[in-house]
Amino acid sequence: EPEVTQTPSHQVTQMGQEVILRCVPISNHLYFYWYRQILGQKVEFLVSFYNNEISEKSEIFDDQFSVERPDGSNFTLKIRSTKLEDSAMYFCASSIGTASNQPQHFGDGTRLSIL
Amino acid sequence: DAKTTQPNSMESNEEEPVHLPCNHSTISGTDYIHWYRQLPSQGPEYVIHGLTSNVNNRMASLAIAEDRKSSTLILHRATLRDAAVYYCILTFYNQGGKLIFGQGTELSVKP
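Keeping their order, the protein sequence lines are chains A and B. The C-terminal residue of the first sequence carries number 804 in the working numbering, and the numbering is unbroken. The C-terminal residue of the second sequence carries number 127 in the working numbering, and the numbering is unbroken.
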């Protein structure tokens with residue numbers, strides 16, 4: 690069964706450094722998402738992306754964050770200047786459509802640790 | 017946004033059926049009911065979804081109350097690998113696809 694893959698599985702970065710998290714969505718999916726989960730807390734929506742544009746973003750997704758689909762297969766999340774509170778699991782997801790009856794398929798996440 | 021309420025935790029014995037309840041009394045007519053689960057150290061995984069009628073797939077069944085104010089996810093024979101946090105999530109036709117996760121129900125399965 691096709692799956693969403695994320696790399697790296699664990700990223701350790703010094704505070705203030707830039708980090709890029711990578712995702713390869715399922716190939717025929719058109720809608721892409723990033724979520725994060727701080728340890729012990731709920732999964733939180735960050736951003737949705739379609740047709741090379743951000744469709745929606747949450748309050749968490751401030752100017753430090755950006756997303757890109759650089760080459761038609763990868764979908765990346767960049768954090769420009771990391772803070773300690775950015776430490777979390779980051780999950781990428783994709784779906785065929787955004788209709789409310791379309792399931793999302795998630796990757797296994799990247800654990801981001803900010804030192 | 018319509019909200020869902022789930023018990024914080026439930027226990028089950030292996031090979032027995034499990035009924036995971038969800039209340040969504042403020043659901044509106046076009047809201048779908050989705051269930052996802054998150055196994056330890058993994059990303060959320062889609063389980064099942066429905067609108068009004070009961071639904072079955074290879075993973076589970078979804079029973080939706082006639083007034084749609086509650087639903088139940090049914091695992092017909094729990095295995096140890098079903099131990100996870102189960103999330104009941106409503107999706108709205110104009111919400112652009114984002115999923116709003118609550119705390120979910122942590123299911124433990126005893127051998």
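Glycine included, C-beta positions come from ideal geometry on N, C-alpha and C.
Run through DSSP, which three-state label would A:R817 get?
Here chain A has residues from 690 to 804 only, and residue 817 of chain A is not among them.
What does A:V732 touch in chain B if you count any residue whose Cβ is under 7 angstroms from its own?
Result: P60 and F117.
From which residue to which residue does the beta strand (DSSP E) around B:A76 run?
First-last for B:A76: undefined, no H or E at that position.
Using DSSP's beta-bridge definition, name the partner residues of B:T95.
According to DSSP, B:T95 bridges with nothing at all.
Identify whether B:E27 lies in helix, strand or coil by the three-state DSSP scheme.
In this structure, B:E27 counts as strand in the three-state DSSP scheme.
Among residues of its own chain, excluding the 5 on either side of A:R727, which ones have a beta-carbon nearer than 6 angstroms to its beta-carbon?
Note on identity: in this sequence residue 727 of chain A is Ile, with Arg being the wrong assignment. Excluding residues within five positions, the ones whose Cβ falls inside 6 angstroms are A777.
So, is the C-beta of B:Y102 closer than 9 angstroms to a C-beta in chain A?
Not an interface residue.
What distance in whole Å lies between the Cβ atoms of B:G66 and B:I90, which are believed to be in contact at a cut-off of 8 angstroms?
Not really, about 12 angstroms apart at Cβ, beyond 8 angstroms.
Under 9 angstroms Cβ-Cβ, which residues of chain A neighbour B:G113?
Ordered by position in chain A, the residues that pass the 9 angstroms Cβ test against B:G113 are Y720, Y722, S737, Y739, S744, E745, S784, G786, T787, A788, S789, Q791 and Q793.
I need the DSSP call for B:L123, collapsed to helix, strand or coil.
In the structure shown, B:L123 sits in a strand (DSSP, three-state: E or B).
A:E745 by DSSP, collapsed to three states: which one?
A:E745: strand per DSSP, three-state reduction.
Taking DSSP's pairing of strands, which residues face B:V63 in a bridge?
Looking at the DSSP assignment, B:V63 forms no beta bridge with any residue, so it has no partner.
Would you say B:S57 lies against chain A (beta-carbon separation less than 9 angstroms)?
B:S57 counts as touching chain A.
Going by the DSSP bridge assignment, what does A:Y724 pair with across the sheet?
A:Y724 is bridged to A:F734 and A:F780.
Could you tell me whether the region 104-123 of chain B touches the region 47-61 of chain B, where touching means 3 or more Cβ pairs closer than 8 angstroms?
Short answer: they touch.
According to a CB-to-CB cut-off of less than 8 angstroms, which residues of the region 61-78 of chain B neighbour chain A?
Those would be E61, Y62, H65 and L67, in chain order.
According to DSSP, what are the bridge partners of A:F795?
Answer by DSSP bridge pairing, in chain order: A:A782.
By the 10 Å Cβ neighbour count, where 16 or more other Cβ atoms means buried, how is B:K114 classified, buried or exposed?
So B:K114 counts as buried.
What is the DSSP secondary structure of A:P719, counted as helix, strand or coil?
Here the sequence assigns Leu to residue 719 of chain A, which means Pro is not the residue at that position. Here A:L719 sits in coil by DSSP.
State the beta-bridge partners of B:L89 as determined by DSSP.
B:L36 and B:L78.
With 7 angstroms as the C-beta to C-beta threshold (strictly closer), list the residues of the region 766-782 of chain A near chain B in chain order.
Within the region 766-782 of chain A, the qualifying residues are F780.
So, using beta-carbon positions, are B:G59 and A:F734 closer together than 9 angstroms?
No, Cβ-Cβ distance for B:G59 and A:F734 is not below 9 angstroms.
With a threshold of 7 angstroms on Cβ separation, who are the neighbours of A:D775 within its own chain once the five nearest residues in sequence on each side are excluded?
Closer than 7 angstroms at Cβ, skipping near neighbours: I768, L801 and I803.
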